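A.B. asks:
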Amino acid sequence: MSDYETLLIERHDAVTLVRLNRPQALNALNAQVLTDLIAAFAAYDADPEQRCLVLTGSEKAFAAGADIKEMQPNGFSHNYATNFFAGWEQVTATRKPWIAAVAGFALGGGCELAMMADFILAADTAKFGQPEIKLGVAPGMGGSQRLTRAVGKAKAMEMCLTGRMMGADEAERASLVARIVPAADLIEEALKSAAAIAAMAPLAAIANKEMVNAAFETGLAMGIVFERRLFAGLTATEDKTEGMTAFVEKRPGVWSGR
Ligand code: HXC
Numbered sequence: 005m006s007d008y009e010t011l012l013i014e015r016h017d018a019v020t021l022v023r024l025n026r027p028q029a030l031n032a033l034n035a036q037v038l039t040d041l042i043a044a045f046a047a048y049d050a051d052p053e054q055r056c057l058v059l060t061g062s063e064k065a066f067a068a069g070a071d072i073k074e075m076q077p078n079g080f081s082h083n084y085a086t087n088f089f090a091g092w093e094q095v096t097a098t099r100k101p102w103i104a105a106v107a108g109f110a111l112g113g114g115c116e117l118a119m120m121a122d123f124i125l126a127a128d129t130a131k132f133g134q135p136e137i138k139l140g141v142a143p144g145m146g147g148s149q150r151l152t153r154a155v156g157k158a159k160a161m162e163m164c165l166t167g168r169m170m171g172a173d174e175a176e177r178a179s180l181v182a183r184i185v186p187a188a189d190l191i192e193e194a195l196k197s198a199a200a201i202a203a204m205a206p207l208a209a210i211a212n213k214e215m216v217n218a219a220f221e222t223g224l225a226m227g228i229v230f231e232r233r234l235f236a237g238l239t240a241t242e243d244k245t246e247g248m249t250a251f252v253e254k255r256p257g258v259w260s261g262r
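Mapping the sequence shown onto the working numbering, position 222 (from 1) lands on 226, and the numbers just tick up by one.
1. Taking all protein chains shown into account, do 16 or more other C-beta atoms lie within 10 angstroms of the C-beta of S81, making it buried, or fewer, making it exposed?
2. Give every residue of the same chain whose Cβ lies closer than 6 Å to the Cβ of Q94, excluding the five residues on either side of it in the sequence, and list them in chain order.
3. Between the beta-carbon of L111 and the beta-carbon of A160, is there less than 8 Å?
4. Run through DSSP, which three-state label would L224 get?
5. How big is the Cα-Cα spacing for Q134 and A203?
6. Looking only at its chain, what residues have a beta carbon closer than 6 Å to the beta carbon of L57, apart from the 5 residues adjacent to it on each side?
7. Any chance you could list the alpha helix (DSSP H) runs of at least 4 consecutive residues sitting entirely within the region 178-262, in chain order?
8. Given that a residue counts as buried once 16 or more other Cβ atoms are within 10 Å of its Cβ, and exposed if not, what is T166?
9. Mapping the DSSP letters down to three states, classify F89 as helix, strand or coil.
10. Does DSSP classify R55 as helix, strand or coil?
11. Using 8 Å as the threshold, is the region 25-41 in touch with the region 198-215, meaning 3 or more CB pairs across them?
12. As a quick exercise: from I13, N87 and A130, pick the residue whose alpha carbon is nearest that of A65.
13. Mapping the DSSP letters down to three states, classify E63 as helix, strand or coil.
14. Considering E162, what are the terminal residues of the alpha helix (DSSP H) in which it resides?
15. Quick check: is any heavy atom of ligand 1 less than 7 Å from the C-beta of D71?
16. Which two residues bound the contiguous beta strand (DSSP E) that contains I103?
17. Note down the Cα distance separating R255 from L224, rounded to an integer number of angstroms.
18. Please classify E253 as buried or exposed, where buried requires at least 16 other C-beta atoms within 10 Å of its C-beta.
19. So for A97, helix, strand or coil by DSSP?
20. Confirm, please, whether the CB-CB distance from E246 to G257 is below 8 Å.
21. Who are the near neighbours of S197 in its chain, counting only those whose CB is closer than 7 Å to its CB and skipping five residues on each side?
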């Protein structure tokens, strides 16, 4: 039983596994998926027992895009008035770490959703693309910006203009994904990565994420000041005292989250 119409949720100790579950539409992202993801991510962020989250789809598709059938009747007035797609900013506002585990198609909004994650772990079957141009439109959930930042102008421009898909090997070479694993091992590997993150001091995990994200928002000098201030802030935490004491005493740290 899931509390969500379009998601399946499993808890693996301190890791939340969220599976997109609209198999009839290759996990196309409709309004209900967005509502469910916003609620699931907010619940994860608010739960001190949960320290990392993995978002995945099916073997065939992480998500084949925003739901074209749902978007079809909507024109400019509707999309402008409702600020269509702005709700995804609530997903990117998640403070705690999360990983996208991608097998099969990650197209359009599916690719854009994967790129909202802190990093992408890809199955060897993963295929990424921004094919919106074939529908007479363009990315609307951050694809033109996040893909360009991830892979650079040449590949981002080529993918957006031609709509071609990028396979897992190319995606790894282009730094779109952190790592490729065999499809059969995707969930196990993602849960392993997530468990490693979940075992870290929780405030340090948030701070590491904030610092890396700051690199996309600031110039180098201000980014380094931001890093140094946040580093100094962490040295005031109980977990810093515990972490360094544990190192000296040759034992694992036991985190309080304070
Ligand atoms: C709604 C979708 C869908 C989508 C697939 N389906 N993608 N429904 N929105 N994005 C549905 C199909 O209509 C079909 O349902 C079922 O899922 C299975 O898909 P098939 O096409 O039969 O599967 P297959 O032949 O294996 O092809 C897989 C595919 C193809 C290559 C991924 O489905 C495809 O090209 N999908 C669209 C990809 C795309 O353009 N994504 C970007 C969307 S725009 P039925 O009931 O018909 O059998 C976007 C942002 C837009 O994301 C922002 C600007 C506004």
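Beta carbons are placed, not taken as given, at the ideal position from N, Cα and C, and that holds for glycine.
It should be emphasised that the depicted structure is a prediction, and the values quoted were computed from it without experimental measurement.
C.D. replies: With the structure as the only source:
1. Taking the first residue of the sequence shown as position 1, residue 81 is located at position 77. Exposed.
2. Start at 1 with the first residue of the sequence shown, and residue 94 comes out as number 90. Closer than 6 Å at the Cβ level, and outside the excluded window around Q94, lie I42.
3. Numbered from 1 along the sequence shown, position 107 holds the residue referred to as residue 111. Numbered from 1 along the sequence shown, position 156 holds the residue referred to as residue 160. Not a contact, by the Cβ cut-off of 8 Å.
4. To locate residue 224, count along the sequence shown from 1; it is residue 220. It is helical.
5. Here residue 134 corresponds to residue number 130 of the sequence shown, with the count starting at 1. Here residue 203 corresponds to residue number 199 of the sequence shown, with the count starting at 1. Rounded to the nearest angstrom, the two C-alpha atoms are 35 Å apart.
6. Within the sequence shown, residue 57 is the residue found at index 53, counting from 1. Closer than 6 Å at Cβ, skipping near neighbours: T20, Y48 and W102.
7. 190-202, 206-218, 224-238 and 242-252
8. Here residue 166 refers to the residue found at position 162 when the sequence shown is read from its first residue. It is exposed - the Cβ of T166 has fewer than 16 other Cβ atoms within 10 Å.
9. As a first step, residue 89 must be located in the sequence shown, where it is residue number 85. It is coil, neither helix nor strand.
10. Residue numbering aside, residue 55 sits at position 51 when the sequence shown is read from its first letter. Coil at R55, not helix or strand.
11. no
12. Taking the first residue of the sequence shown as 1, we reach residue 65 at position 61. Ranking the options by Cα distance to A65, first place goes to A130.
13. Here residue 63 is taken as the residue at index 59 of the sequence shown, counted from 1. Looking at E63 - three-state DSSP - the assignment turns out to be coil, as it is neither helix nor strand.
14. Position 158 of the sequence shown, counting from 1, holds the residue named residue 162. Counting along the chain, the alpha helix (DSSP H) containing E162 begins and ends at K157 to T166.
15. Translated into positions along the sequence shown, residue 71 becomes position 67. D71 Cβ: within cutoff of ligand 1.
16. Within the sequence shown, residue 103 is the residue found at index 99, counting from 1. Unbroken beta strand (DSSP E) run through I103: W102 to V106.
17. Your numbering for residue 255 matches position 251 in the sequence shown. Your numbering for residue 224 matches position 220 in the sequence shown. The alpha-carbon atoms of R255 and L224 are separated by roughly 36 Å.
18. Locating residue 253 in the sequence shown gives position 249, counting from the first residue. Classification of E253: exposed, given that the 10 Å Cβ count is below 16.
19. As a position in the sequence shown, residue 97 is number 93, starting the count at 1. A97: coil per DSSP, three-state reduction.
20. Position 253 of the sequence shown, counted from the first residue, corresponds to residue 257. Position 242 of the sequence shown, counted from the first residue, corresponds to residue 246. Yes, the pair counts as a contact, with Cβ atoms nearer than the cut-off.
21. Taking the first residue of the sequence shown as position 1, residue 197 is located at position 193. Answer for S197: I103 and L125, listed in chain order.
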